[in-house]
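Participant: So the number in the working numbering is just where the residue sits in the sequence shown, counting from 1, plus 98. Here a beta-carbon is modelled for each residue, glycine too, at the ideal position from N, C-alpha and C. Quantities reported herein were computed from a predicted structural model and do not represent experimental measurements.
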Amino acid sequence: MIDMHTHILPQIDDGSSSIDETMKMIKEAYRAGFTDIFATSHYIEGRYEFNKTDRKYIINAIQEKLDEEEIDLKLHIGAEAYISSTMVELVKNETIPCLGSSRYVLFELPLRSKIFYTENIIERLIALNYIPIIAHPERYDMVQEEPEIVLDWVRAGALLQANFASIDGVYGSKAKNILLKLLEANAIHFLGTDTHMSNSFYLKISDFKEMYIKEIGKKRFEILTYDNPMSVLEDEEIDVEEPKKIKSNKMW
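1. Do Leu207 and Ala179 count as a contact pair if the criterion is CB distance below 8 Å?
2. DSSP on Val338, reduced to helix/strand/coil?
3. Residue range of the alpha helix (DSSP H) that Ala130 falls in?
4. Using 8 Å for Cβ pairs, my map puts Asp101 next to His140. What's the rounded Cβ distance?
5. For the beta strand (DSSP E) that Glu206 lies in, which residues bound it at each end?
6. Any idea which residues DSSP pairs Lys180 with across the strands?
7. Quick one: give me the first and last residue of the alpha helix (DSSP H) that Ala225 is part of.
8. Starting from Ile231, follow the beta strand (DSSP E) in both directions and report where the run begins and ends.
9. Looking at the unbroken beta strand (DSSP E) that takes in Asn261, where does it start and where does it end?
10. Could you give the distance in angstroms between the alpha-carbon of Ala130 and the alpha-carbon of Met121?
11. For Glu167 and Ala159, I'd like the C-alpha separation in whole angstroms.
12. Please give me, in chain order, every unbroken run of the alpha helix (DSSP H) with length at least 4 that falls completely inside the region 281-330.
13. How would you label Leu223, buried or exposed, when you count the other beta carbons within 10 angstroms and need 16 or more for buried?
14. Quick check: the Cα distance between Ile232 and Gly198, rounded to an integer number of angstroms?
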């Protein structure tokens, strides 16, 4: 498996607090079956502004340590950019890194408030030959209130990354129910742990994997956790299925 979303780099954001914790997290990921990890620490203007060059330096140092300890896992640069009116320019000038050496850009929306220019950001990124990925849509209030909005994002050219733990209700019942709707609609393209600390989601991956396979089958699970992420690593376009209409008959 390839983890598309982590906060594994030490002392960059609200994730890992030290290099020791980072190494513990990576070892947990390796034991859970991950071969590659995108290190997608936050980029939030005015709060977390660690640039591409500094992230790459840290990743290279950690990778050297992994190689010395003969841990067969590869780290890849990335960021979880917080949407803003200047985000596209920050990606363009490489302050915000893409995922690995690809054109794929991971970004997030506010959890509670509604953003009205999301499609504009998607369109601007695509016009510059980037491929946008929206992190954990199931967690946003705006999606929980109006799940059909993600179909507009996908049709505009964005891809969606869900969090592994959402299927277990970790982020609440609404997030879980929305995730199930999006999976049923073929509107999820990647899974990521969004892990922030050790002794956390990596220890529960086998349980999460069983739940996903029960919902979407082994083949689809492999597409979300290996095939599509590998396309990102190789900077290849993903063959995206037309999403189905999202059913709205589930109530909470």
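Facilitator: In short, the structure shows the following:
1. The Cβ-Cβ distance between Ala179 and Leu207 does not fall below 8 Å.
2. Of the three classes helix, strand and coil, the one that applies to Val338 here is coil, per DSSP.
3. Ile117 to Ala130
4. With a Cβ gap of about 16 Å, Asp101 and His140 do not count as contacting.
5. Tyr202 to Glu206
6. In the sequence under discussion, the amino acid at residue 180 is Tyr, which differs from the Lys named in the question. According to DSSP, which records beta bridges pairwise, Tyr180 is partnered with Glu206.
7. Thr216 to Ala225
8. Ile229 to Ala233
9. Note, Asn261: beta strand (DSSP E), Leu257 to Asn261.
10. Annotation: Ala130 to Met121 spans about 14 Å, alpha carbon to alpha carbon.
11. 13 Å
12. Within the region 281-330, the complete alpha helix (DSSP H) segments of 4 residues or longer fall at 303-320, listed in chain order.
13. buried
14. 16 Å
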